[in-house]
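Residue 51 is where the sequence shown starts when you use the numbering used here, and the numbers rise one by one after that.
Beta carbons are placed, not taken as given, at the ideal position from N, Cα and C, and that holds for glycine.
Computed from a prediction, not measured in an experiment: that's the story for all the values here.
A quick write-up on the structure given underneath.
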Amino acid sequence: MALFTENLSKDPLAEDDPAEFLFHVRGVGGVGKSTLLRQWQDAARRADAVTAMVDENDVHGVRQALTELTRQLAEQAGPCKDFDRAVEQYRREQAALVEPMALEGEASVSSRVVTQAALGAVSLIPGAGVVTALANPEAAAQGLDRVRAASRSRVQRRGAGGDEAGLSRAFVSELERLCRRHRWVVLFFDTWEQNAGYLDEWLLSTLDEEFGPVPVNVIVVLAGRDELSERGWAPLRDQVADVPLEVFTEAETRSLLTTRGVTDPRVVEAVLRLSLGLPLLVDLLALARPHTVDDVDEGGHVADVAVERFVQWITDPEQRDAVRAGALPLQLNEDVFQAAAGPEAPGLWEWLCRQPFVSGRSDFKHYHAVVRASMVRQQRTHSPQAWTSTHLRLADTHAAWRVSVEERLAEAQPWENAAWRRHRLDETYHRLCAHPGTYLQQAVEEVVHAAGQDTAVLRHWVESIEQAGNDTADAALISWSERLREALLSDEPALRCLSLLLARGQLTADGRSWAHTHRGNLLYLADQDEEALVEFDQALAADADNAHAWARRGETHCWLGHYDEAVTDLTTALRLDPTDARALAHRGDVHRQAGRYDQAITDFTAALELDPTVPWAHAHRGEAHRQAGRHDQAITDLTAALELDPTNAWALASRGEAHRQAGRYDQAITDLTAALELDPAYLWALASRGQAHRQAGRYDQSITDLTAALELNPTYDWALANRGEAHRQAGRYDQAVTDFTAALELDPTHAWALANRGEAHRQAGRYDEAVTDLTAALELDPTYAWALANRGEAHRQAGRYDEAVTDLTATLELNPTYAWAHATRGQAHRQAGRYERARLDLEQAVEAHPEDLSCAFEKLMLDVLQERIETGTEQWEQRFASLSSPQDAADIRFLALFKALLFESEARVRETTAAVLSSQPDREDITYALEYLTELSAVGGEVSDRVRLCHDLMVGRASA
């Protein structure tokens, strides 16, 4: 005791004699470890420490341990909000495991729509037709869908256990906060010999600061029977304050007996021999107040004798019976105690809790393991009928409580409810104790379902069977518990347990079907899809009416892109269980991924009618609306999903994407930023925000986001290509080519990257390289109209007008409504001197696209070249006025310059040229302007003089 209290008085930062931060109390059962820990805890609290303690009754996994520790810390120091939020996030992630998963595949309608918009609006600036289609819409849309599929799979398919690292980081963060306000935070872990299997690796990782810096004023105390494992604890061995507890010395035993009033020398000698110095046994024998040697019978098991002597010392028969009955349940609260002790027990609960061998926190108490084992052993052997009847009474009581919980459950999914599982587990334990041979098969079948939950639940079930085996000494139970325990120690405990049960469990057809179903689900979550399908096939072979197996196989088919098979399986599941909202929603998502958006929305709506509170059904219906191009309806559904779950990063990102597609870039960036605050590694949200920045003309911010995406995944070819696209639109053609080339090294079949690298070469004036890349893209996709049109443009700029016309004609055959291709073919004919063919093309283009400014401008240019402008100035003014009003400032400046060249003074030409140059046009813009000036120089007269002046000003700027 002095060791620990002295440690509390030390300075943890002292260089000469700092406080210890890690204690290990060890010793045999009954030596007083738990008692010492409670004394240390009291001392710590007196020293202004915040403390928490867990033992085997609190721990069946990391999450349960952290939750209980935090609950106790919060009782003393106030709410632990960071941890509460982390628990809620963990819960949502677990719920997300049942959500449909976005998959790579054919681009959605709205992805095609958005990529058209993302490429930029039609511009009058020379070459603007190319700007109208900066990327192949289909390829860009599929790229967006690919990154989202990859991002979703990262979250969705991490496995049923989820990621508890977030909980651990939040717990360490809470420790840091508490340590700023309190002198010490002390964490006690009792019965470490049992808890180490769950917590050893976690605690070592925590002390290694894997989850964040652990404050120096955190003390960790372990207590167990065994020494710490050499393999795991060797690096910390020198930092562990080892506290071995020995049995009482003879003097200590005599002293305790004297304080209890046991002074007869012969009785004292008998206690010394019988107790072997174990403090628990000494205390129990002393409390029995033995007066003669006969009162201390040395026959039989040492602990049994001590415990029985203590029980016999209780003079009230009701209290004596209550003590024995209370030993039978694994955990006690007042209700369980009343069921065990019977109607004569009222008023005895508080008395029982004061007994020296009863301990526990929160809602449940338990007997010391040594005392309970002794009482259980004696009752089984000395009162077999009472043993059986009491266990059956307890089993029936828990069964009734279980049914009561079932009646309150909204859905028929009792295994997901902790209260239901607890009553089912206790019911099973008591039935096994009453009739091991009769109920073993039922217990084995229940292990199948426990394995379908998570490792902590499975471990709890196996431990219950193991305890029943120990308490009954039944060979079959002990054998099964040993095999299951061995399976639990494997790297894949649930899969190994299920394999064991299938191989040796003599399961019913229903049990075999569920075992294969759970194995299939575990394999599916581990990305072993083909193996999962085999398991689901076997599940349905065993029981064709297993709706769950049909549904899970449908989900697996969906993940593999087998949409028709997925719909068939999910429809069968719904025929067997029409109220399965999850299966309805999953079928809706299959339809969504297959591009059948109306059918998807019908299924999502039906699922929401069954359960309006399912956030992901709202979210995925919103996603279906988004992909169908109904952005406002998408935003309505995604907002509803976020009202149910404000931490749903996926829904936030989808709503941001809907805003982006609708052209509301600032709102898009707000939502996507919020999604990234929830999940900083959300690749799809990063990529989409980068797209939004690019569409808004914020190229540097776009590049920052895409670079961040590449830091998360350096082999992300889509992000490389899109960063190249941002560089290209910013006029940084060499950087664009570098990124496109890197993307193509990762995926040489990426036609979109090839085409856009070609476009970067074209804009940089490297027309032959442009044609090479665009030709390669067309070999991969002969229907790639955008690449075909831009190859035609490269030929035109290189002066190869016939090749240009050939490509542009082929483009219009693929897409007769392609206004820019129509106008550019007319431009090629005009520059080749084929004015009549040019006029035919341009008049058709203007007629087909009366609102397209580029078509009207190219026709006006032809008119200027074919007609004298010195006469009929008023007519030309009317022609200018007939042009649709440009919306872009650059278009307005260019039109003003063009008009000045034709009709106005040299001073006005200088003014409008300066205005164009002040906007810092890139190389391509100046190249196009010089092309038009070259054509206009043929007009002659004053126009030629003004053209020459403008040409010299622009060439001077380009040289500078």
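Check: Three CB pairs or more closer than 8 Å across the segment 876-883 and the segment 906-917; Outcome: yes
Check: Neighbourhood of A786 by C-beta distance below 6 Å, restricted to the same chain and skipping five residues each side; Outcome: G774, H777, R778, A810
Check: Short Cβ contact (8 Å threshold) for S987 with R998; Outcome: yes
Check: Buried/exposed call for T689, threshold 16 Cβ in 10 Å; Outcome: exposed
Check: Reduced DSSP secondary structure (H/G/I, E/B, other) of G842; Outcome: helix
Check: DSSP-derived helix/strand/coil call for Y417; Outcome: strand
Check: Supposed close pair C483, T522 - CB separation, criterion 8 Å; Outcome: 6 Å
Check: Three CB pairs or more closer than 8 Å across the segment 91-109 and the segment 120-132; Outcome: yes
Check: Close Cβ partners of D823 (< 6 Å) along its chain, the five nearest in sequence each way excluded; Outcome: L804, R807, G808
Check: Beta-carbon separation (whole angstroms), A601 vs S563, contact threshold 8 Å; Outcome: Contact flag wrong, Cβ pair sits at about 13 Å.
Check: 8 Å contact criterion, which R705 and S738 should meet: CB distance rounded; Outcome: Actually they are not in contact, since the Cβ atoms of R705 and S738 sit about 11 Å apart, beyond 8 Å.
Check: Three-state secondary structure (DSSP) of L86; Outcome: helix
Check: Reference V112, options R233, L253, V498, L402, closest by Cα; Outcome: L253
Check: Endpoints, alpha helix (DSSP H) assigned at M911; Outcome: 903-916
Check: Range covered by the alpha helix (DSSP H) that runs through A869; Outcome: 869-881
Check: Beta-carbon proximity list for F71, same chain, < 6 Å, skipping 5 on both sides; Outcome: I269
Check: C-alpha gap between L726 and L760, whole angstroms; Outcome: 15 Å
Check: For A931, the nearest candidate out of G77, S955, D938, A906 (CA to CA); Outcome: A906
Check: Proximity of E585 and H566 at Cβ, strictly below 8 Å; Outcome: yes
Check: Minimum C-alpha distance to G137 - residue among Q428, H418, H641, R219; Outcome: A small correction: the amino acid at residue 137 is Val; Gly does not occupy that position in the sequence shown. Ranking Q428, H418, H641, R219 by Cα distance to V137 puts R219 first.
Check: Contact check, V91 vs F221, beta carbons under 8 Å; Outcome: One point to set straight first is that residue 91 is Gln, not Val, in the sequence displayed. Taking 8 Å as the Cβ cut-off, Q91 and F221 do not qualify as a contacting pair.
Check: Cβ contact check for the segment 565-584 and the segment 518-536: 3 or more pairs under 8 Å; Outcome: no
Check: Contact under 8 Å by Cβ, A691 with A669; Outcome: yes
Check: Q126 versus H232 - alpha carbon distance; Outcome: 11 Å
Check: Simplified DSSP assignment, three categories, for P900; Outcome: coil
Check: Residue burial classification, G991 (beta-carbon count within 10 angstroms, cutoff 16); Outcome: exposed
Check: With 16 other Cβ atoms within 10 Å as the buried cut-off, status of K83; Outcome: buried
Check: Secondary structure of P265, DSSP reduced to three states; Outcome: coil
Check: Minimum C-alpha distance to W870 - residue among R887, H899, E886; Outcome: H899
Check: Nearest to T558 (by Cα), restricted to the options Q492, A576, P543; Outcome: Q492
Check: Buried or exposed (CB count within 10 angstroms, at least 16 for buried), W234; Outcome: buried
Check: The alpha helix (DSSP H) enclosing T629, as first and last residue numbers; Outcome: No alpha helix (DSSP H) holds T629; DSSP gives it neither H nor E.
Check: Through-space distance from A445 to G487, alpha-carbon basis; Outcome: 16 Å
Check: Three CB pairs or more closer than 8 Å across the segment 608-618 and the segment 637-648; Outcome: yes
Check: Among S279, T299, L830, E226, the one whose alpha carbon lies nearest that of V290; Outcome: S279
Check: Spatial distance of A731 from P68 (CA atoms); Outcome: 40 Å
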